[in-house]
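**Student:** Could you have a look at this structure, given as structure tokens, before my questions?
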Amino acid sequence: MDDATKQIVHLATALKTPRIRDAAGRLADHARDASWSYEEYLAAVLDREVAARNASGAQLRIRAAGFPAHKTIEDFSFEHQPGLRRDQITPLAAGGYLTEARNVVLLGPPGTGKTHIAIALGVAAAGHGHRVLFATATEWVTRLQDAHRAGKLPDELKRLRRYGLIIVDEVGYLPFEQDAANLFFQLVSSRYEHASLILTSNLTFAKWGDVFGDQAVAAAMIDRIVHHADVLTLKGASYRLKNAGIDTLPSVKAETRS
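My numbering applies: residue 1 is where the sequence shown begins, and numbers increase by one.
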């Protein structure tokens, strides 16, 4: 190791930039062979450090999000889902809706892939540098109720607005009491035109009034959610039951008759 390389190793260690330390010597040989300029060599070395830091940060954000599993767009079976096209999801995975504080709503029967897509978009958002939180609708309400009882609801809503994306899974699986519905409405209102939501529901919007126990609250909430939103409707039978010999589920039949 020559003196210059030793100096790079020393400085990289002092700066806590291990990828610069590891890449500097290897890239120097390649730079000489390829006749890189000094600027090209420096950019290549710094690029290795930045890329590694971004990857590490993304993993930390993914772990902090509270996802129940790790899902990606690449893992999703678009062939099984006739209501959704890959070209509808790919632009969303790029994250543009987050910079515009737009929402994504995924509607459809159980087992059609709503949660998979929601998690995959959340993972992609974390990869783009956004902080993400995932929970079911009932878990979000419990969190808000705890903050309300502690007299800290405004602080909690303000803190949650610092997250670029909040994912609310399973809206409609359980009905809410009036107080819970009002708290959920406050969550939606606090993020309106400030930060993004992804929501999944097995119910059409017309049935949300039954879930929240108040048609006016449900209408006001839906108005704020869909004003700036991509609403995607998934169709078909449950993917989880495709090999079980069961064509449909009771909740799906009920939705079909209504």
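Built from N, CA and C at the ideal position, the CB exists for glycine as well.
Here the structure is a predicted model, which means the values were calculated and not measured.
Is the distance from the Cβ of GLN81 to the Cβ of LEU199 below 8 Å?
**Tutor:** Residue mapping note: residue 81 aligns to position 81 of the sequence shown, counting from 1. Residue mapping note: residue 199 aligns to position 199 of the sequence shown, counting from 1. Cβ distance not < 8 Å, so GLN81 and LEU199 don't count as in contact.
**Student:** With PRO110 and SER238 assumed to form a contact (beta carbons below 8 Å), what rounded beta-carbon distance in angstroms separates them?
**Tutor:** If you number the sequence shown from 1, residue 110 lands on position 110. If you number the sequence shown from 1, residue 238 lands on position 238. Their Cβ separation, rounded to whole angstroms, is 6 Å, which keeps PRO110 and SER238 in contact under 8 Å.
**Student:** For PRO175, tell me which candidate among THR142, VAL211, THR13, ARG191 has the shortest Cα-Cα distance.
**Tutor:** The sequence position of residue 175 within the sequence shown is 175, counting from 1. Answer by Cα proximity: VAL211.
**Student:** Nearest-angstrom Cα distance between ALA216 and GLY209?
**Tutor:** To locate residue 216, count along the sequence shown from 1; it is residue 216. To locate residue 209, count along the sequence shown from 1; it is residue 209. The alpha-carbon atoms of ALA216 and GLY209 are separated by roughly 8 Å.
**Student:** Taking DSSP as the reference, what is the three-state secondary structure of THR204?
**Tutor:** Residue numbering aside, residue 204 sits at position 204 when the sequence shown is read from its first letter. Coil, per DSSP.
**Student:** For SER196, write down the residues that DSSP places opposite it in a beta bridge.
**Tutor:** If you number the sequence shown from 1, residue 196 lands on position 196. SER196 is bridged to LEU165.
**Student:** Nearest to ILE167 by CA position, among ASP2, THR115, ASP33, is which residue?
**Tutor:** Indexing the sequence shown from 1 puts residue 167 at position 167. For the residues ASP2, THR115, ASP33, the minimum Cα distance to ILE167 belongs to THR115.
**Student:** Give the straight-line distance between the Cα atoms of ALA43 and PHE184, rounded to the nearest whole angstrom.
**Tutor:** Translated into positions along the sequence shown, residue 43 becomes position 43. Translated into positions along the sequence shown, residue 184 becomes position 184. Roughly 47 Å between the two C-alpha positions.
**Student:** With DSSP collapsed to three states, give me the class of PHE67.
**Tutor:** For the purposes of this step, residue 67 is taken as the residue at position 67 of the sequence shown. In this structure, PHE67 counts as coil in the three-state DSSP scheme.
**Student:** State whether the region 54 to 70 contacts the region 122 to 136, with contact taken as three or more CB pairs (one from each stretch) at a distance under 8 Å.
**Tutor:** yes
**Student:** Taking the C-alpha atoms as reference points, what is the distance between GLN186 and ARG131?
**Tutor:** Residue mapping note: residue 186 aligns to position 186 of the sequence shown, counting from 1. Residue mapping note: residue 131 aligns to position 131 of the sequence shown, counting from 1. If I take the Cα positions, the gap works out to 20 Å.
**Student:** According to DSSP, simplified to helix, strand and coil, what is PHE134?
**Tutor:** Counting from 1 along the sequence shown, the entry for residue 134 is found at position 134. Reduced to three states, the DSSP call for PHE134 is strand.
**Student:** Are there 16 or more other CB atoms within 10 angstroms of the CB of SER201, so buried, or fewer, so exposed?
**Tutor:** For the purposes of this step, residue 201 is identified with residue 201 of the sequence shown, where counting begins at 1. With 16 or more other Cβ atoms within 10 Å, it is buried.
**Student:** I need the DSSP call for THR17, collapsed to helix, strand or coil.
**Tutor:** Walking along the sequence shown from the start, residue 17 turns up at place 17. Here THR17 sits in coil by DSSP.
**Student:** I'd like to check one pair, LEU153 with LEU144: are the Cβ atoms closer than 8 Å?
**Tutor:** Locating residue 144 in the sequence shown gives position 144, counting from the first residue. Locating residue 153 in the sequence shown gives position 153, counting from the first residue. Result yes, Cβ atoms of LEU144 and LEU153 sit closer than 8 Å.
**Student:** Among the residues of its own chain, which have a CB less than 6 Å from the CB of ILE8, if the five just before and after it don't count?
**Tutor:** As a first step, residue 8 must be located in the sequence shown, where it is residue number 8. The residues are ALA24.
**Student:** LEU232 bridges to which residues according to DSSP?
**Tutor:** Within the sequence shown, residue 232 is the residue found at index 232, counting from 1. For LEU232, which the question treats as bridged, DSSP gives the partners LEU106.
**Student:** Can you list, in chain order, the residues of its chain with a C-beta nearer than 8 Å to that of ARG191? Leave out the 5 residues immediately preceding and following it.
**Tutor:** Your numbering for residue 191 matches position 191 in the sequence shown. Answer for ARG191: ALA101, LEU160, ARG161, ILE166, LEU197, listed in chain order.
**Student:** Alpha helix (DSSP H) containing ASP179: first to last residue?
**Tutor:** Translated into positions along the sequence shown, residue 179 becomes position 179. First-last of the alpha helix (DSSP H) with ASP179: 178 to 191.
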